[in-house]
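**Q** If you scroll down you'll find the structure; I have some questions about it.
Numbering (the numbering used here), first residue to last: 100 to 378.
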């Protein structure tokens, strides 16, 4: 059934080359075992690894979005993520396996993903709280998904705020807080001054943003009407958008600000602006 539809690339967490070669099925592509840094970069980029690899990879526990096994589907023409739930799709299918049904669902997701990419004007219309930031004349709009009750957010939010308040950020970025707080008081007491925010009472807008970007706390998946595989990112997550086009520059803003202590704001903004230019 896989007639020029899918190429599978094996990204190993095997400890020896012999283990890897004895395990990967014939016909699959693979990242060579000796290309350890390339495999590591892929794992860090997608936040996908075995739990015991987190520290050796220089990741923090909150950076690990997916364990193993995970099958991530990418649109080969654009590189955009179609699904992070490929393994679940395969395993939940009745036996005997209906490969055509699985491929059809993935191809349909690819079409849906391509059709739901919104430019800055469409994003401003769909999400009114973003209209001001997109019209501010700044180069970037940052969406920070977090909550006051989130343990992982505790150490991250002040560092994100430090980078935001840096003198380097002279008209470069507007930051928008997308809350998962349970009360308005929690939200108002947590979001740093100077940030924009989706109003607490705009619950449907916040929910739509979370569904659009696949970003929420694990306990919000069901209430948001999402499936587990729809959740691409947990909290805290900082997503950077090109203010002129609305394109995603980075979904890894938290890692960018947390991987250096103290954070090098100049280097961080340079990488984000560079991403906006290349996008």
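Positions of the beta carbon are idealized from the N, C-alpha and C atoms, including for glycine.
Closest to residue 153 by CA distance: which of 249, 112 and 256 is it?
**A** In the chain shown, residue 153 corresponds to position 54, counting from 1. The candidate whose alpha carbon is nearest that of residue 153 is 112.
**Q** Following the continuous beta strand (DSSP E) through residue 336, name the residue where it begins and the one where it ends.
**A** By 1-based counting over the chain shown, the position of residue 336 is 237. 336–341 is the extent of the beta strand (DSSP E) around residue 336.
**Q** By the three-class DSSP mapping on this structure, what secondary structure does residue 273 have?
**A** For this step, residue 273 is matched to residue 174 along the chain shown. Here residue 273 sits in strand by DSSP.
**Q** For the alpha helix (DSSP H) containing residue 145, list its first residue and its last residue.
**A** As a first step, residue 145 is located in the chain shown; it is residue number 46 there, counting from the start. Counting along the chain, the alpha helix (DSSP H) containing residue 145 begins and ends at 135–145.
**Q** Compute the beta-carbon to beta-carbon distance between residue 362 and residue 258, rounded to the nearest angstrom, for a pair I have assumed lies under 8 Å.
**A** Reading the chain shown from its first residue, position 263 is the one you call residue 362. Reading the chain shown from its first residue, position 159 is the one you call residue 258. Correct: roughly 6 Å between the Cβ atoms.
**Q** Confirm, please, whether the CB-CB distance from residue 304 to residue 233 is below 8 Å.
**A** As a first step, residue 233 is located in the chain shown; it is residue number 134 there, counting from the start. As a first step, residue 304 is located in the chain shown; it is residue number 205 there, counting from the start. Against a cut-off of 8 Å, the Cβ pair of residue 304 and residue 233 comes out as no contact.
**Q** To which residues of the same chain is residue 372 closer than 8 Å at the C-beta, ignoring the five residues directly before and after it?
**A** By 1-based counting over the chain shown, the position of residue 372 is 273. Hits under 8 Å: 238, 239 and 271.
**Q** Return yes when at least one heavy atom of the ligand COA lies under 7 Å from the C-beta of residue 339, else no.
**A** Because no ligand of any kind appears in the structure shown, any question about the ligand COA cannot be addressed here.
**Q** Tell me whether residue 316 is buried or exposed, calling it buried when 16 or more other Cβ atoms sit within 10 Å of its Cβ.
**A** To locate residue 316, count along the chain shown from 1; it is residue 217. That one is buried.
**Q** Considering residue 166, what are the terminal residues of the alpha helix (DSSP H) in which it resides?
**A** By 1-based counting over the chain shown, the position of residue 166 is 67. Segment: none, residue 166 is in no alpha helix (DSSP H) and carries neither H nor E.
**Q** Would you mind stating whether residue 130 and residue 138 have Cβ atoms separated by less than 8 Å?
**A** By 1-based counting over the chain shown, the position of residue 130 is 31. By 1-based counting over the chain shown, the position of residue 138 is 39. Going by C-beta atoms, residue 130 is nearer than 8 Å to residue 138.
**Q** Within 10 Å of its beta-carbon, does residue 293 have 16 or more other beta-carbons around it, so buried, or fewer, so exposed?
**A** One-based indexing of the chain shown puts residue 293 at position 194. Classification of residue 293: exposed, given that the 10 Å Cβ count is below 16.
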